[in-house]
Structures are given as C-alpha cells and as structure tokens.
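One structure is given below, encoded as structure tokens.
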Amino acid sequence: MRGRGTLRLALCLALIPALGIKALSATEIGNAENGSAVWADCSGCHEIGPGAENATGPKLNGVFGRRAASLPDFNYSKSLTRAGRDGVVWTLETLDAYIANPRTFASGTRMSYPGLGDADKRADLLAFLRDFSDRPRDIPEAAPTARRDVPELAPEILALKGDPEFGEYLAAECQTCHRADGTDEGIPSITHWPAENFVLAMHAYRQKLRPHPVMQMMAGRLTEEEIAALAAYFETIAD
Amino acid sequence: MNIDRRRFLGTIAATGAVLAAPAAIGQTRPRVVVIGGGTGGATCARYLAKDSDGALDVTLVEPAEVYYTCFFSNLYIGGFREFESLAHRYDKLTGDYGITHARFMATGVDRAAGTVTLAGGEVLAYDRLVIAPGIDFVDGSVPGWDLAQAEVMPHAYKAGPQTQLLKRQVEAMREGGTFCMVAPPNPYRCPPGPYERVSMVAHVLKAKNPTAKILIVDPKEKYSKQGLFEEGWEKHYPGMITRIGPDFGAANVEVRPDAMEVVIDGEVEKVDVCNVIPAQKAGTISATAGVTDDGGWAPVNPHSMASRADPRVFVLGDASAQGDMPKSGFSANSQAKVAAMTIRAELTGSKAFPAKYSNTCWSLIDTDDGVKVGASYVATDEKIASVDSFISQTGEDADLRKATYEESLGWYAGITADIFG
C-alpha cells in the first residue's frame with residue numbers, strides 16, 4: 003500500500019500526451035486536454051480509466067448514457083437514487099447541469115463540489131469524461147488517476163480495524179459541521195466513504211498535506227485508532 | 078492518558094451502579110429532565126433520546142415554541158439572513174425522537190428530592206438533571222440600564238424581538254447619527270459577537286447612512302479576533318468606527334436612556350442608537366438550583382460536565398464554568414454530547430468514552446469577508462484545557478475569506494440539524 007499514490011501520479015502524468023491526441027476528436031464538446039486539468043478537482047473522489055474503482059465517489063468510466071445512480075456496487079445518496087428512478091440518464095446536457103450546480107440538480111447529493119460556473123471549463127471536462135465513454139477501445143491504456151495529497155502510511159495503520167461504536171461517539175464531534183445525512187450545504191459530505199479513503203484523508207490533514215486549519219486541528223489530535231473508528235462508523239452510517 | 082481514561086471509566090461505572098439502582102427497582106425508564114431548549118439543552122436531549130433508543134425518558138423544559146439562534150443573528154442585522162432563517166422548532170425532537178416538550182419556565186429545583194417545579198405548578202422527578210439556561214444579565218453592571226430599559230437601549234444578546242428592535246433602530250437612525258455599543262466585560266457569551274455586530278451595523282450604515290459613526294465603549298483591554306476586526310474595519314469602513322478602551326475610562330460607564338446619553342468617565346456623549354450588552358452570569362435557574370459559585374457561573378467536572386456541587390446535575394454551555402472553552406453555541410453543542418454520553422452510561426450502562434471538546438467561531442466582517450478562530454480541548458481534573466488552536470490570518474486573500482464565509486453557512490446548516498434533528 004505504501005507509495006500507491008505516488009505510482010498513480012506517475013501514471014497519470016504519463017497519460018497526458020495521449021490525452022492531447024484524443025482532444026482533437028472531441029473538439030465539438032470542449033478541449034479534453036484542458037479538461038484533464040479540471041479533472042484534478044474531481045480526482046480526489048472519482049476514478050476513471052481502466053482499472054478504475056468506486057471510491058468516495060462512483061467510478062466514471064462509461065458515464066455517458068448511464069442511468070443516474072445505476073452502478074450496482076456503489077451506495078448512492080437518496081437524491082441521486084430518486085433521480086435515477088425518475089429516469090435521469092447522464093447525457094451532455096444532464097451532466098453539464100449537474101456539474102454546474104450539483105445541489106440544484108440533486109439537493110441531497112453527497113458530492114462535495116460547489117459547482118463549476120464556467121461553461122467552457124465544463125465543456126472541457128465533459129470532453130475529458132467522454133474520452134472514457136464513447137469508444138473505449140480507442141482510449142489508450144491508462145491507470146486510474148492519482149488521489150491528491152495522499153500521505154505515506156505504514157501498512158499496519160491502514161490495516162487497523164476501527165470500532166464503529168467508538169466511532170459513533172467520536173463522530174458526534176464531526177457532526178457539529180458535517181451533516182449526518184450526508185448532504186453538503188457548504189461543509190463537505192463525509193458519509194459512506196470507503197474506510198481507506200477516510201483514513202488517508204484524515205492522516206493527510208494530520209500531516210498537514212491537506213490545507214484546512216480546522217481539519218488539521220481536529221485530525222491532529224486523533225489517534226490512529228480513533229481515525230480507524232471514525233472511518234468504520236462513517237462507512238456504514240445509516241441514512 | 079491511559080491511566081486517566083481508566084480512572085475516568087472506573088468512576089463512571091461505580092457511580093452508575095449506585096445511582097441507577099432506584100430507577101431499575103421502580104421498573105420505569107430512567108428520567109432525564111433538560112432545562113433550556115437552546116443549543117446545549119436541545120443537543121443533549123436529542124443525543125440522549127437518539128442514542129438510548131427510547132431507554133431514557135427525556136423531557137425538555139422550554140417555554141418557547143420557537144427558538145431563535147443567537148449565532149448568525151448579527152448576520153440578520155447586517156441584512157445577510159432573513160429573521161425566519163434563525164427560527165427553529167422542536168417538532169422533530171418530539172416527533173422523531175419521542176422527547177416530551179414541557180412548555181413552561183422551570184421555577185424551582187429540589188436536588189435532595191430530585192425534582193423540578195414548573196411555572197404551571199407541575200413537578201417533574203428526575204434521575205439526572207441537565208441545566209442549560211444560557212445567560213442572564215448582572216443587575217446594575219451598567220448604571221442607568223436595567224431590563225426595563227431594553228426597549229430603548231436594546232441588548233439584543235438573546236436573539237428574538239430584541240434583535241429585530243436593534244435592526245429597526247439602526248436602519249431608522251438619523252443621517253450622520255451615532256451608534257454606540259457598550260461592550261461587556263469578560264466572561265460573556267460569544268467573544269467575537271459584539272465586534273461582528275459592529276461590523277454588520279457598519280455594513281448597513283455604509284450603504285444607507287455613510288456619514289454615521291460607531292462608538293464602542295469597551296471595558297476590556299483586548300478582545301477576540303481583534304487584529305482581524307481592526308484590519309477589516311480599516312479596509313471596509315475607514316473612519317467610521319471608534320473604540321474607547323479602559324485606558325480612556327470605558328470601564329466607568331453609565332447610560333441615560335431617557336436622554337439617549339452615554340457617560341464615559343464623566344464625559345457625556347449624545348448618541349442615537351445604544352446597544353447595551355451588560356455583564357453576564359449563568360441563567361437564573363442555575364443559582365436557584367444552587368450550583369453556581371460567587372462569580373455567578375456553575376463550576377463543572379471537566380470530564381463529564383456534571384456540576385461540582387451535585388453529580389446528578391449537569392450544566393452545559395454558557396452557564397457553565399469549565400475552563401478554557403469560550404461561551405459559544407459550538408462549545409455548548411460539544412459539551413452536550415459529552416454530558417449525554419456520560420448520562421447514558423450512568424443510567425443505561427452503555428459504554429463511556431473519554432471526553433473530547435472542540436470549538437470554532439466564524440465571524441463576518443463584510444460581504445464575503447469571513448474569519449474564524451477555533452481550538453480543541455481535553456479534560457484535565459482541574460479544567461477543560463485548550464490543547465491546540467488556530468485563527469484566520471490578517472492579509473488573507475479574498476478567495477479564502479469568501480470560502481471561510483461559505484463554510485460558516487455550511488456550519489450553520491450542520492449544527493442546527495445536529496441540535497434540532
């Protein structure tokens with residue numbers, strides 16, 4: 003597990019020239035190469051490309067033409083599940099509206115993203131996403147993109163099994179700001195993250211790789227066991 | 078840490094066994110009475126009911142049907158929030174969590190008998206009592222002012238009609254008039270609150286009445302986030318705000334509501350609006366219950382928020398004397414969770430964990446110019462002690478200040494959901 007983030011980052015960088023070529027075929031939407039820079043804001047939670055897996059957010063391979071909230075192995079918010087049930091399919095138009103203002107599109111979404119007001123940047127991002135959807139056979143081999151700010155952690159820290167009951171007590175402190183129902187009205191959603199992502203994020207704050215002063219302070223005094231307990235609780239929290 | 082924790086858990090287990098016994102013999106659910114439906118009381122009631130899955134009988138004693146949060150009420154004065162956005166009701170606490178809402182003032186506490194008397198005459202028996210009444214004002218702390226004068230010189234330090242009155246007065250002030258704030262001495266509710274209020278009043282005056290002046294009469298040498306406020310006032314409201322500190326006699330202040338005068342160390346100032354925030358003490362029921370000290374606050378055990386005077390009584394939030402935490406909604410919410418966890422462990426035998434506390438206070442200086450200060454705390458035998466802290470820096474860029482403000486909106490949504498369900 004050690005160094006996984008670094009490996010991914012290297013593969014991601016190796017991918018950029020290939021994306022430049024692909025951009026030519028996507029000019030009618032936007033510039034996919036520029037979109038790969040916008041993607042940096044998404045890649046903390048979403049993976050894309052061969053081998054991509056669901057993480058804090060669902061994997062985004064083949065998202066075009068997919069019904070909302072339809073990956074069988076991802077735990078979606080009630081809002082997106084309802085949208086999918088109501089027939090929302092991800093198209094250029096629906097994705098554009100969702101990315102422009104996620105909470106207007108689906109008020110209870112757990113996607114902690116304030117929205118992207120710049121239509122050109124959205125078009126670039128959609129062009130980038132589309133490269134992983136339209137003709138997958140034409141897409142060069144690529145690894146999932148890097149998670150940002152991934153700390154170096156000893157395997158035994160990642161292997162710690164947290165006590166969810168302890169986590170529930172500790173979580174009360176988080177829930178002064180982060181909502182238990184997973185909605186985001188200005189403070190990011192932290193429910194249903196894979197435990198490993200949660201642990202990595204908290205250690206990233208502890209090591210001050212992530213910049214937020216409140217979170218650096220809160221994480222800074224949590225023990226490894228407490229972080230594992232919180233991760234275990236929030237991964238399985240009831241909606 | 079381990080020794081502390083073991084000793085703490087051991088104490089809980091022992092007292093729990095002794096004190097829970099009567100409730101078990103009576104074959105009724107253990108009863109917890111919570112006095113005060115503000116941040117501390119409502120949070121504690123909700124966590125008690127939620128986490129005990131109905132094993133506890135929780136009654137919230139609160140005369141009001143609607144609670145208006147004091148936090149963010151300055152933003153209403155500044156025109157950034159609607160008044161109704163501060164309003165919260167108890168219907169989820171009663172409907173979703175099975176909490177009984179007794180809509181009366183608590184008028185008496187008999188700790189020997191374990192009962193609370195309500196203004197309606199009803200007597201409630203308790204196995205544990207939580208007192209979270211917020212603040213009351215110290216009589217005579219600002220000579221010339223008492224509660225009867227609050228219609229002329231509002232305190233607006235308990236949110237509601239007082240806040241609306243102050244906003245109306247600011248908006249109706251004559252052109253070029255003077256808004257005066259008599260700031261409180263330490264300790265008081267919401268340390269940055271008076272200075273955020275000055276910022277919000279200045280924001281209104283800058284648009285509607287730009288030649289108006291603001292005068293702060295402050296008995297304190299220094300105050301919370303001082304450097305950030307002073308920098309912001311210079312940037313957004315140059316020349317509008319003057320603060321007189323104790324070195325110029327501000328500790329010797331008297332008001333004359335009939336004449337709209339403020340007398341500072343013998344000098345008479347004519348003012349147009351006067352916001353008097355008097356010295357404060359624990360809400361009156363704390364003294365009635367006999368859990369306050371000579372300073373007017375209620376000392377508590379830092380490990381549990383239990384009163385130093387009575388382990389069956391817990392005091393939360395502004396009313397408590399606990400150590401380093403500021404009197405804030407965030408603090409009250411944090412303390413309420415420790416008390417709820419402790420009470421549940423004592424009455425139902427659930428697991429007890431070491432206390433953890435934290436606080437963050439956001440303030441708005443002008444549109445999209447938000448700042449924050451915060452700290453985390455541990456319980457020592459002596460007090461709740463600060464272990465780490467942070468504060469916004471002067472000279473931060475506009476994007477960061479805007480993000481800080483937007484974060485505060487998210488916090489408001491989060492904490493009110495955490496308090497009221």
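Residue numbers (the working numbering), protein chains in the order written: chain A, 3 to 241; chain B, 78 to 498. Using N, Cα and C, we set each Cβ at its ideal position, and we do this for glycine too.
For residue i and residue j, I'd like the C-alpha separation in whole angstroms.
i                      : j                      : result
residue 85 of chain A  : residue 92 of chain A  : 11 angstroms
residue 487 of chain B : residue 221 of chain A : 19 angstroms
residue 196 of chain B : residue 182 of chain B : 5 angstroms
residue 111 of chain B : residue 222 of chain B : 32 angstroms
residue 226 of chain A : residue 159 of chain A : 7 angstroms
residue 121 of chain B : residue 261 of chain B : 28 angstroms
residue 254 of chain B : residue 395 of chain B : 34 angstroms
residue 232 of chain B : residue 216 of chain A : 31 angstroms
residue 398 of chain B : residue 124 of chain A : 53 angstroms
residue 271 of chain B : residue 312 of chain B : 19 angstroms
residue 215 of chain B : residue 462 of chain B : 27 angstroms
residue 142 of chain B : residue 192 of chain A : 32 angstroms
residue 338 of chain B : residue 224 of chain B : 17 angstroms
residue 109 of chain A : residue 66 of chain A  : 21 angstroms
residue 34 of chain A  : residue 308 of chain B : 43 angstroms
residue 244 of chain B : residue 423 of chain B : 46 angstroms
residue 147 of chain A : residue 183 of chain A : Only weak support exists for where residue 147 of chain A lies, its pLDDT of 46 falling under 50; the value from the coordinates is given anyway. Using only the alpha carbons, I get a separation of about 29 angstroms.
Strictly by DSSP, which residues pair up with residue i?
i                      : result
residue 439 of chain B : B:449
residue 376 of chain B : B:398
residue 358 of chain B : B:213
residue 255 of chain B : B:290
residue 462 of chain B : B:455
residue 475 of chain B : According to DSSP, which records beta bridges pairwise, residue 475 of chain B is partnered with nothing at all.
residue 145 of chain B : B:164
residue 229 of chain A : Answer is none; residue 229 of chain A lacks a bridge partner.
residue 341 of chain B : B:330, B:344
Taking residue i as the reference, which of the options has the closest Cα?
i                      : options                    : result
residue 173 of chain A : B:261, B:432, B:200        : B:432
residue 367 of chain B : B:386, B:382, B:378        : B:386
residue 191 of chain B : B:139, B:143, B:390, B:350 : B:390
residue 167 of chain B : B:161, B:160, B:176        : B:176
residue 240 of chain A : A:38, A:134, A:181         : A:181
residue 414 of chain B : B:124, B:107, B:224        : B:124
residue 135 of chain B : B:145, B:357, B:113        : B:113
residue 263 of chain B : B:313, B:212, B:105        : B:212
residue 184 of chain B : B:174, B:129, B:198        : B:198
residue 69 of chain A  : A:94, A:49, A:152          : A:94
residue 464 of chain B : B:472, B:451, B:476        : B:451
residue 173 of chain B : B:249, B:126, B:206        : B:126
residue 322 of chain B : B:303, B:445, B:289        : B:303
residue 468 of chain B : B:462, B:459, B:478, B:461 : B:478
residue 163 of chain A : A:53, A:233, A:76          : A:233
residue 381 of chain B : B:361, B:372, B:418, B:362 : B:418
residue 334 of chain B : B:458, B:471, B:227        : B:227
residue 204 of chain B : B:133, B:279, B:273, B:358 : B:133
residue 198 of chain A : A:219, A:231, A:178        : A:231
Do residue j and residue i count as a contact pair if the criterion is CB distance below 8 angstroms?
i                      : j                      : result
residue 498 of chain B : residue 169 of chain B : yes
residue 275 of chain B : residue 219 of chain B : no
residue 156 of chain B : residue 350 of chain B : no
residue 166 of chain A : residue 114 of chain A : no
residue 352 of chain B : residue 402 of chain B : no
residue 257 of chain B : residue 405 of chain B : no
residue 340 of chain B : residue 330 of chain B : yes
residue 481 of chain B : residue 146 of chain B : no
residue 206 of chain A : residue 153 of chain A : yes
residue 376 of chain B : residue 328 of chain B : no
residue 421 of chain B : residue 162 of chain B : no
residue 409 of chain B : residue 105 of chain B : no
residue 354 of chain B : residue 434 of chain B : no
residue 108 of chain B : residue 139 of chain B : no
residue 453 of chain B : residue 212 of chain A : no
residue 126 of chain A : residue 36 of chain A  : yes
residue 489 of chain B : residue 149 of chain B : yes
residue 52 of chain A  : residue 76 of chain A  : no
residue 306 of chain B : residue 442 of chain B : yes
residue 460 of chain B : residue 400 of chain B : yes
Uninterrupted alpha helix (DSSP H) stretches inside the segment 160 to 226 of chain A (no shorter than 4 residues)
Secondary structure remark: continuous alpha helix (DSSP H) runs of at least 4 residues inside the segment 160 to 226 of chain A, in chain order: 166 to 176, 197 to 208, 215 to 222.
Could I get the ranges of all uninterrupted alpha helix (DSSP H) runs contained in the segment 283 to 325 of chain B, with 4 residues as the minimum, in chain order?
Complete alpha helix (DSSP H) runs here, min 4: 303 to 313.
Secondary structure, alpha helix (DSSP H): runs of 4+ residues fully inside the segment 26 to 83 of chain A
Taking 4 residues as the minimum length, the alpha helix (DSSP H) runs contained wholly in the segment 26 to 83 of chain A are 34 to 40, in order along the chain.
Within the segment 176 to 238 of chain B, ranges of the beta strand (DSSP E) (whole runs, at least 3 residues):
Runs of the beta strand (DSSP E) inside the segment 176 to 238 of chain B: 177 to 179, 183 to 187, 192 to 195, 200 to 202, 205 to 208, 212 to 214.
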